[in-house]
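Notes follow the structure.
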Amino acid sequence: MWRELIAEVDKELEIELSTPAIEDQVAEVEKSLSVLFPNHLRSLLLETDGIVNLYGLQIVWSIDLIKQNNLDIRQSKFAANTLSQFGNLLFFADAGNGDEYTFLVKDGIVEKSDIYVWRHEDDRLEWSIASLEEYLRILVST
């Protein structure tokens, strides 16, 4: 499904897809972050382990980057305010300017498909878009 969607919207052939992640990798990262990935992110990673555009922008991080970047952010003093206000977050991509895209997590589960952007300069969280599909349609086609 995801590869077809990307092929449909990537008219300029600017997207690089990776080999799929392995289910065991996803499960290990979920365990290490204490978060069950939403089905749409899980299925995307199992089709392509990350999405990168021609300019090197990580539209969706690989499973390894999701793990490392989330662990780094959780240990960052700069993100402490956002994390204390909103609880656990699952970051999965960056905007290339320091801002990062995330899902809200409640009790270890991503309950909604909404995507938020964490503004690194002032440590605030803003709603961005309603779903991963919409996110990809916009970022892949621009």
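Just so you know, the sequence shown maps onto residues 8 to 149 in my numbering. Built from N, CA and C at the ideal position, the CB exists for glycine as well. Note that the structure is a prediction, hence the values are computed from the model and not measured.
Host beta strand (DSSP E) of residue i (start-end)
i, result
"Y62", "Neither: Y62 is in no beta strand (DSSP E) and is coded neither H nor E."
C-beta contact flag for residue i and residue j at 8 Å
i, j, result
"V42", "G57", "no"
"N127", "G103", "Per the sequence presented here, residue 127 reads as His, with Asn not at that position. The answer is no: Cβ separation not under 8 Å."
"L5", "V117", "Since the displayed the chain opens at 8 and closes at 149, residue 5 lies outside it and no answer follows."
"I122", "L143", "no"
"E107", "W125", "yes"
"I22", "V112", "no"
Bridge-paired residues (DSSP) for residue i
i, result
"D101", "E107"
"Y123", "T109 and W134"
"I22", "N60"
"I116", "L43 and K113"
"L96", "L111"
"V33", "According to DSSP, V33 bridges with nothing at all."
Residue span of the alpha helix (DSSP H) that contains residue i, given as start and end
i, result
"E141", "L139 to S148"
"A41", "A small correction: the amino acid at residue 41 is Ser; Ala does not occupy that position in the sequence shown. Looking at the DSSP string, S41 is not in any alpha helix (DSSP H), and its letter there is neither H nor E."
"L12", "W9 to V16"
"N77", "I70 to Q82"
Contact belief for residue i with residue j at Cβ below 8 Å, rounded distance in angstroms
i, j, result
"S69", "S25", "7 Å"
"Q75", "A100", "Not a contact, Cβ separation roughly 14 Å."
"R49", "V33", "6 Å"
Burial state of residue i (16 or more Cβ within 10 Å)
i, result
"E54", "buried"
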